[in-house]
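These protein sequence lines map, in sequence, to chains A and B.
Going by this note's numbering, the first sequence opens with residue 1, and the numbers climb by one from there.
Going by this note's numbering, the second sequence opens with residue 1001, and the numbers climb by one from there.
Number of protein chains: 2
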Amino acid sequence: MILEKKKTFNAFAARQGLRSTRQRDIILDVFLATHEHLSVEELYLKVKASQPGIGQATVYRTLKLFVEAGLAREMMLPDGQTRYEHQLVGEHHDHLICTGCNAIIEFEDEQIEQLQRDIAKRHGFSLTAHKMQLFGLCPACSSKA
Amino acid sequence: MILEKKKTFNAFAARQGLRSTRQRDIILDVFLATHEHLSVEELYLKVKASQPGIGQATVYRTLKLFVEAGLAREMMLPDGQTRYEHQLVGEHHDHLICTGCNAIIEFEDEQIEQLQRDIAKRHGFSLTAHKMQLFGLCPACSSKA
DNA sequence: CAAGTTATTGAAAGTCGTTTTCAAAAGACC
DNA sequence: GGTCTTTTGAAAACGACTTTCAATAACTTG
Ligand SMILES: [Mn+2]
Ligand SMILES: [Mn+2]
Ligand SMILES: [Zn+2]
Ligand SMILES: [Zn+2]
């Protein structure tokens, strides 16, 4: 699975005439080893553990390549940092976010997706993407408050 | 209606012990005269037309007060600028955005809202807010492409 | 309404995430 | 290896916003 994603990226790189570098390999390994919604800074710190000399700019640049290659998705939470998460082909989910502890729960709701398509259609729009985030307090944070 | 909103703000200001200033009056007037989703910069330029000496920081500060007072809502589009729009008590809408011409269409969908509440409930969350934006091409932009 | 107190203001500096610049280093191809 | 390009890291630049601070304006009180 991880191997498959590496192949996806290598194929993308070849297609784009990108060179294969040690830095991109490490960043890809670190990214694929995570299962969260990490900010560039967080990723950068993890990457530096494997390879101290690596530059922040390279991490920024490389994550954008992952998005182009289709294996990462960019997301913005209200904290003003861009975060990246794995993107599986043909899959999509939205987020339920605890404003107390920043926990993120992923969900899919085909009914909502359909209603969204209906709304777009009603206005003659050709829909290309959407963003939906629900904010509240998770059970633990609710009981604390 | 505009008068009523001014009263809302004055009541808020009184409650908070805020002073009534010429700057806040002008910014409120300009804000209430708009019907779009304006960035701070756009608002600032409009405000400067009425009152050239006014500072950008004052516009930033004042718009936050409007949000606290409940008469404005803050929104973020992917362009990285905070925008403000009118907020009517008890009303809510989401946005359908054309990525071609940046047109914004507002919509409400009680079915989706209900499904969102269901999702939150299913995860034991107490929902406090949500953000939903649909992206695509409006009819005009679709036909161009 | 003058004096005293405190909030507000505008300009400029600071912050923070991100992007760009640029010279050195590394990859690709011969 | 030699040549041509891409990539890299450090540092500077950027852009939206926030903070600082001294001057000014709004209330309060006598
Ligand atoms: Mn996710
Ligand atoms: Mn709106
Ligand atoms: Zn929580
Ligand atoms: Zn359009």
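All C-beta atoms, glycine included, are put in the ideal place defined by N, C-alpha and C.
- A Cβ-Cβ contact shorter than 8 Å links B/ILE1026 with B/GLN1051.
- Contact fails between the region 107-115 of chain A and the region 1089-1100 of chain B, because fewer than three Cβ pairs, one in each stretch, are under 8 Å apart.
- For B/LEU1018, there is no enclosing alpha helix (DSSP H), as DSSP gives it neither H nor E.
- Under the Cβ distance rule, B/ILE1119 counts among the residues neighbouring chain A, one pair being separated by less than 8 Å.
- Closest by C-alpha distance to B/LEU1134, out of A/HIS123, A/ALA13, A/CYS138, is A/HIS123.
- Residue-level contact check: B/THR1128 touches chain A, since one or more beta carbons of chain A fall below 8 Å from its beta carbon.
- Shortest Cα-Cα distance from B/MET1076 to any of A/MET132, A/THR21, A/GLU85, A/GLU106 involves A/MET132.
- The CB of A/LYS131 comes closer than 9 Å to the CB of PRO1078, LYS1131, MET1132, GLN1133, LEU1134, PHE1135 in chain B, given here in chain order.
- When 7 Å is used as the limit between beta carbons, A/ILE2 is near no residue of chain B, the shortest such separation being about 29 Å.
- Assignment of beta-bridge partners to B/GLY1136 by DSSP yields A/LEU127, B/CYS1098.
- In this structure, DSSP gives B/THR1034 a state outside helix and strand, which the three-state scheme calls coil.
- With a cutoff of 8 Å on beta-carbon distance, B/ARG1073 and B/TYR1060 are scored as not near each other.
- A distance of 8 Å or more separates the beta carbons of B/HIS1092 and B/GLU1068.
- Taking a Cβ-Cβ threshold of 8 Å, the residues of chain A close to B/GLY1124 are CYS138, PRO139, SER142, in chain order.
- A distance of 8 Å or more separates the beta carbons of B/PHE1125 and A/LEU65.
- The alpha-carbon separation between B/THR1034 and B/HIS1086 amounts to approximately 9 Å.
- These are the residues, in chain order, with a beta carbon less than 5 Å from any non-hydrogen atom of ligand 2: B/GLU1085, B/GLU1106.
- The C-beta separation of B/LEU1043 from B/LEU1028 comes to about 11 Å, leaving the pair out of contact by the 8 Å criterion.
- Here B/ILE1002 has LEU1032 as same chain residues with Cβ atoms under 7 Å from its own Cβ, once five neighbours each way along the sequence are excluded.
- Here A/GLU85 carries a strand assignment [DSSP, helix/strand/coil].
- Listed by position in the chain, the residues whose beta carbon lies within less than 7 Å of some heavy atom of ligand 3 are A/CYS98, A/GLY100, A/CYS101, A/ALA103, A/LEU137, A/CYS138, A/ALA140, A/CYS141.
- B/LYS1005 and B/LEU1071 have their C-alpha atoms spaced approximately 7 Å apart.
- According to the DSSP secondary-structure assignment, A/PHE66 is paired through a beta bridge with no residue.
- For B/PHE1066, no Cβ of chain A is located within less than 8 Å of the residue's own Cβ.
- At a cut-off of 7 Å, the beta-carbon of A/HIS93 counts as near ligand 1: some heavy atom of the ligand is closer than that.
- Assignment of beta-bridge partners to A/MET76 by DSSP yields A/THR82.
- Residue B/GLY1100 holds the alpha-carbon nearest to the alpha-carbon of B/LYS1144 among B/LEU1018, B/GLN1023, B/GLY1100.
- DSSP, reduced to helix, strand and coil, places A/GLU91 outside both helices and strands of the structure shown, so it counts as coil.
- The nearest non-hydrogen atom of ligand 1 is less than 7 Å from the C-beta of A/HIS37.
- Around A/ARG22, the same chain offers GLN51 as residues with beta carbons nearer than 8 Å, after the five sequence neighbours per side are excluded.
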